[in-house]
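See structure below.
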Amino acid sequence: PDCGGTNTCGIEICGDGLDNDSDALIDCFDPDCAGDPTCFEGDDLTCSDGLDNDADGLIDCLDADCVGTGPCPQAPNDDCVNAELVGEGTFPWDNTISTLDGPIDCDANMTNDVWFLYTATVDGTAVIETCNGGGTNDDTVLIVYDAAAGCPVAGSPCLVSADDTCANVPGGAAFMSNVELAVIAGESYYVQVGGWNGALGDGSLNIATSCGATAITNLNTAYDCGAAATEVTWTDGGFDSYDVLRDGVVLAAGLVAGTTSYTDATALSNGTYEYTVTGICLNGGQVSGSAFSNVSCSSGGETDLIFATEGLEDAGDVGLVNSSAALEAALTANGVQFLTVLDYPATQLGNVIGTYQRVWVCSGTFPLDGPLSTADSDALATWIEAGVSVYFEGGDMWGFAPTIGGFEGYDGVISALDGDDTFLAMNGLDTLIGTDWTDLIGVPYTQDAPGNDWTDQLTVGPELGGPDVGALWQEAGGAYITGALSLNQDTNGDPLGNTIVQSWEFGGFGGDQIDLVARMLVSLGGGGGGPTLPEFIRGDCNADGGFNIADAIFVLAALFSGGPAGTCLDACDANDDGGINIADAIYSLAALFSGGPPPTPTSCGVDPTDTDPLDCVSFPPCP
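Read in order, the letters of the sequence shown are residues 3 to 625 in our numbering.
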């Protein structure tokens, strides 16, 4: 303070390394030195001394003031008039030695640009990008102009621009840019490449063209178990030729332009296969697309087919409840042979009719569900119309995200509410069409997504499948319906496949799941998909509709006293060992008088283990 007012302390002397005016700013960093010759950067000396002479934070060639000096030669394509001539390919660029030459109307963040004049070699779509990174510039802006109008000036329209769009490209650097535009062979386009808001560095500009499209679209596969062949289809994108591969192995090469399908006549084992279709342009550009084919053909013994769609969209995460696994265990316990497919129904459209009696679909609970498409819904309807019975469960099939399709006419649900999270227990109902589960009261339910289950609340009624529709389940307090049974029929009244639907997951059922599946099998029936098996009551050897001591006596008489053998040998095989002998009489007596397990099925049903030579010619008590 003692020096206040003296010339020595009041004026900043630029270049002496002191803060002469005590404003905490020294030499060229002090605004008082603006314009002082000492604070200059822009000649050969100041652009090579390693100092930030003008205190703008940029040293030597990183300072735009040095561009064009001896140490910092100007980029040859710094200006539009000197744009580098290019075609398709990869071209290096460096904007550390460039200035901003072009307009910024299409992106105000464009700085320090370089220019390319691109002439297309084919009609099609050009992809112009800096996505691969690899250089020192990690943030770019791209603008493309029609070269027919000459070098752009302020106000000139651009064809396309982009900033940060490589974030949407697999492997693309997040802040780099790419554009796509339709191009015509022989026509030229100015490409302006610059740093975003002052970003400097080098990189690569990549230009590639497709001769008609940038993607293989509508790629689908379907394996026909009967024909032992896979049909691969796609939409023609205008490519000059196509290659088809299975699991990386070329099946066909050079399929002519316009090809939209290929048949792989190879018998495949059950499993998942990846098919790839590559569209190829004569100029060397190519685009590929892939689709997975799930081969799931019956080996001859399976009567039931399970579609486990839950978790397919979420890397296999099915949530707290794994319904398909629970269903598999219950079917196994009931002696039912099945095949499980980790795919959607439409993929097996031609492989169900004549093969399977019943189809089970476990679609899960939002957000880990595998919702049906319209094609899937139509596939279920096709099977029902052919006599195949269908079980479907889904947390959001009807209320939150309903699927439009043929299955709507056969599921017995005429409307639904998205519901809430109150479904924690359930009661079975009397459908009034032959299925009565009113003995199932207050059965607890384990939610798949506790606190966020939003179980659909159903309104049940007749649809295309006819009048025989009944509510099957309700919330334990009677607040709403969560399941339905439909005994479908055609317009002539002839039976079709039956359906059971429910807006909750089988795996969360807190009662006897084995018993529940046994009930479902009775309600669904044998269907028309596979061989129709006769229904009978095991142990009722004399076929009088009841299981009692008379049946054991009937078996013993047939074995030792010349009595009749009975018209349904399966019914006489009480212990289900595939033969008729004294052990069956003992098994029956133990069940009746000693607490032994009862023969199953205990009510009218098919033989769940129909692998023995015994047959059931007639059993009048059952339909």
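Glycine included, each C-beta is placed from N, C-alpha and C at the ideal position.
- Considering only the beta carbon of each residue, do Gln-476 and Leu-431 sit closer than 7 Å? Within the sequence shown, the letter at position 474 stands for residue 476. Within the sequence shown, the letter at position 429 stands for residue 431. Taking 7 Å as the Cβ cut-off, Gln-476 and Leu-431 qualify as a contacting pair.
- Query: What span of residues does the alpha helix (DSSP H) with Asp-517 cover, start to end?
  - Reply: As a first step, residue 517 is located in the sequence shown; it is residue number 515 there, counting from the start. For Asp-517, the uninterrupted alpha helix (DSSP H) run begins and ends at 515-526, by DSSP.
- Message: If I measure Cβ to Cβ from Asp-242 and keep anything under 7 Å in the same chain, skipping five residues before and after, which residues do I get?
- Response: Stepping through the sequence shown from its first residue, residue 242 is reached at position 240. Same-chain partners within the cutoff: Cys-213, Ala-259, Ile-282, Cys-283 and Leu-284.
- Item | Pick from Phe-425, Thr-461 and Leu-434 that is closest to Thr-448, judged by C-alpha positions | Translated into positions along the sequence shown, residue 448 becomes position 446. Among Phe-425, Thr-461 and Leu-434, the Cα nearest to that of Thr-448 belongs to Phe-425.
- Through-space distance from Thr-405 to Ser-379, alpha-carbon basis: Position 377 of the sequence shown, counted from the start, is the residue given in the question as residue 379. Position 403 of the sequence shown, counted from the start, is the residue given in the question as residue 405. If you take the alpha carbons of Ser-379 and Thr-405, they lie about 7 Å apart.
- Message: For Tyr-147 and Cys-63, what's the separation of their Cα atoms in angstroms?
- Response: Here residue 147 refers to the residue found at position 145 when the sequence shown is read from its first residue. Here residue 63 refers to the residue found at position 61 when the sequence shown is read from its first residue. When rounded, the distance between both Cα atoms is 29 Å.
- Is Phe-556 helix, strand or coil when you go by DSSP? Here the question's residue 556 lines up with position 554 in the sequence shown. In the three-state DSSP reduction, Phe-556 falls in the helix class (H, G or I).
- Item | Cα-Cα separation, Trp-456 to Trp-400 | As a working note, residue 456 is residue 454 in the sequence shown. As a working note, residue 400 is residue 398 in the sequence shown. Taking the CA atoms as reference points, Trp-456 sits about 12 Å from Trp-400.
- Item | Cut-off 8 Å between Cβ atoms - residues of its own chain near Asp-103, not counting five sequence neighbours on either side | Counting from 1 along the sequence shown, the entry for residue 103 is found at position 101. By the criterion of a C-beta distance shorter than 8 Å, Asp-103 is surrounded in its chain by Asp-80, Asp-81, Cys-82, Asp-115 and Trp-117, once the five residues flanking it on both sides are discounted.
- Message: Assuming Ala-335 is part of the beta strand (DSSP E), what are its boundary residues?
- Response: Within the sequence shown, the letter at position 333 stands for residue 335. Premise fails: Ala-335 lies in the alpha helix (DSSP H), 325-335, not in any beta strand (DSSP E).
- Message: Can you list, in chain order, the residues of its chain with a C-beta nearer than 6 Å to that of Phe-309? Leave out the 5 residues immediately preceding and following it.
- Response: Taking the first residue of the sequence shown as 1, we reach residue 309 at position 307. Once the five neighbours on either side are set aside, the close Cβ partners of Phe-309 are Val-343, Pro-347 and Val-363.
- Query: Helix, strand or coil: how does DSSP classify Asn-134 here?
  - Reply: Translated into positions along the sequence shown, residue 134 becomes position 132. Three-state result, Asn-134: coil.
- Query: Which residues in the same chain as Glu-330 place their Cβ atom closer than 8 Å to its Cβ, once the five residues preceding and following it in sequence are excluded?
  - Reply: As a working mapping, residue 330 is identified with position 328 in the sequence shown. Taken in chain order, the residues that qualify are Ile-308, Phe-340 and Thr-342.
- Task: Classify Gln-350 as helix, strand or coil using the three-state DSSP reduction.
- Result: As a first step, residue 350 must be located in the sequence shown, where it is residue number 348. In the three-state scheme derived from DSSP, where H, G and I count as helix and E and B as strand, Gln-350 is classed as helix.
- Put Pro-94 into one of helix, strand or coil per three-state DSSP. Position 92 of the sequence shown holds residue 94. Shown here, Pro-94 sits in a strand according to DSSP, grouped into three states.
- Close-in-space but distant-in-sequence residues of the same chain around Thr-262 (CB under 8 Å, 5 per side omitted): Position 260 of the sequence shown, counted from the start, is the residue given in the question as residue 262. Contacts found: Thr-235, Trp-236, Thr-237 and Asp-238.
- Label Ile-502 either buried or exposed according to how many other C-beta atoms from any shown protein chain fall within 10 Å of its C-beta, with 16 as the threshold for buried. Position 500 of the sequence shown holds residue 502. Classification of Ile-502: buried, given that the 10 Å Cβ count is 16 or more.
- Message: Would Ala-418 and Asp-458 qualify as a contact pair, given that the criterion is a beta-carbon distance under 7 Å?
- Response: Position 416 of the sequence shown, counted from the first residue, corresponds to residue 418. Position 456 of the sequence shown, counted from the first residue, corresponds to residue 458. Yes, they are a contact pair.
- Query: If you draw a straight line from the C-alpha of Tyr-2 to the C-alpha of Asp-345, how long is it?
  - Reply: In this structure the chain extends from 3 to 625, so residue 2 is not present and cannot be described.
- Classify Asn-114 as helix, strand or coil using the three-state DSSP reduction. Position 112 of the sequence shown, counted from the start, is the residue given in the question as residue 114. Here Asn-114 carries a strand assignment [DSSP, helix/strand/coil].
- Message: DSSP three-state label for Leu-221, please.
- Response: By 1-based counting over the sequence shown, the position of residue 221 is 219. Under the three-state reduction of DSSP, Leu-221 is assigned to strand.
- Query: At a cut of 8 Å, does the stretch 358-376 reach the stretch 541-550 through at least three beta carbon pairs?
  - Reply: At 8 Å Cβ cutoff, the stretches do not touch.
- Task: Measure the CB-CB distance between Val-252 and Gly-273 and report whether it falls below 7 Å.
- Result: Position 250 of the sequence shown, counting from 1, holds the residue named residue 252. Position 271 of the sequence shown, counting from 1, holds the residue named residue 273. Here Val-252 is not near Gly-273, since their CB atoms are 7 Å or more apart.
- Item | Contact belief for Ile-416 with Gly-472 at Cβ below 8 Å, rounded distance in angstroms | Counting from 1 along the sequence shown, the entry for residue 416 is found at position 414. Counting from 1 along the sequence shown, the entry for residue 472 is found at position 470. Not a contact, Cβ separation roughly 13 Å.
- Query: What are the boundary residues of the beta strand (DSSP E) that Cys-2 is part of?
  - Reply: Nothing in the structure corresponds to residue 2, since the chain is present only between 3 and 625.
- Message: Using only CA atoms, which one of Thr-384, Met-178, Ala-151 and Gln-76 lies nearest to Gly-44?
- Response: In the sequence shown, counting from the first residue as 1, residue 44 sits at position 42. Ranked by how close their Cα comes to the Cα of Gly-44, the residues Thr-384, Met-178, Ala-151 and Gln-76 have Gln-76 in first place.
- Query: Quick one: what's got a C-beta closer than 6 Å to Gly-137's C-beta in the same chain, skipping five residues either side?
  - Reply: The residue you call residue 137 lines up with position 135 of the sequence shown. Hits under 6 Å: Gly-203, Asp-204 and Gly-205.
- Query: Do you know offhand how far Asp-517's Cα is from Gln-504's?
  - Reply: Position 515 of the sequence shown holds residue 517. Position 502 of the sequence shown holds residue 504. Between Asp-517 and Gln-504, the C-alpha separation is close to 17 Å.
- By the 10 Å Cβ neighbour count, where 16 or more other Cβ atoms means buried, how is Ala-164 classified, buried or exposed? The sequence position of residue 164 within the sequence shown is 162, counting from 1. By the 10 Å Cβ count, Ala-164 comes out buried.
- Keeping to the same chain, check which residues put their C-beta closer than 6 Å to that of Ser-605; ignore five residues upstream and five downstream. For the purposes of this step, residue 605 is identified with residue 603 of the sequence shown, where counting begins at 1. In its chain, beyond the 5 residues on either side, no residue has a beta carbon closer than 6 Å to the beta carbon of Ser-605.
- Assigned secondary structure, Tyr-589 (DSSP; H/G/I helix, E/B strand, else coil): Numbered from its first residue, the sequence shown carries residue 589 at position 587. Annotated three-state conformation of Tyr-589 is helix, per DSSP.
- Is Gly-468 helix, strand or coil when you go by DSSP? As a position in the sequence shown, residue 468 is number 466, starting the count at 1. Strand, per DSSP.
- In the structure shown, what three-state DSSP assignment does Gly-281 receive? Along the sequence shown, read from residue 1 onward, the residue named residue 281 stands at position 279. The answer is strand: DSSP assigns Gly-281 an E or B state.
- Item | Own chain residues within Cβ distance below 6 Å of Thr-113, not counting five before or after | Residue 113 sits at position 111 when you count from the first residue of the sequence shown. Excluding sequence positions up to five before and after Thr-113, its CB lies within less than 6 Å of the CB of Leu-102, Gly-196, Gly-197 and Gly-200, all in the same chain and listed in chain order.
- Query: Among Ala-520, Thr-280 and Gly-436, which has the Cα closest to the Cα of Gly-337?
  - Reply: The residue given as residue 337 occupies position 335 in the sequence shown. Comparing Cα positions, the closest option is Ala-520.
- Under a three-way DSSP split, which group does Cys-570 fall into? As a first step, residue 570 must be located in the sequence shown, where it is residue number 568. In the displayed model, Cys-570 falls within a strand according to three-state DSSP.
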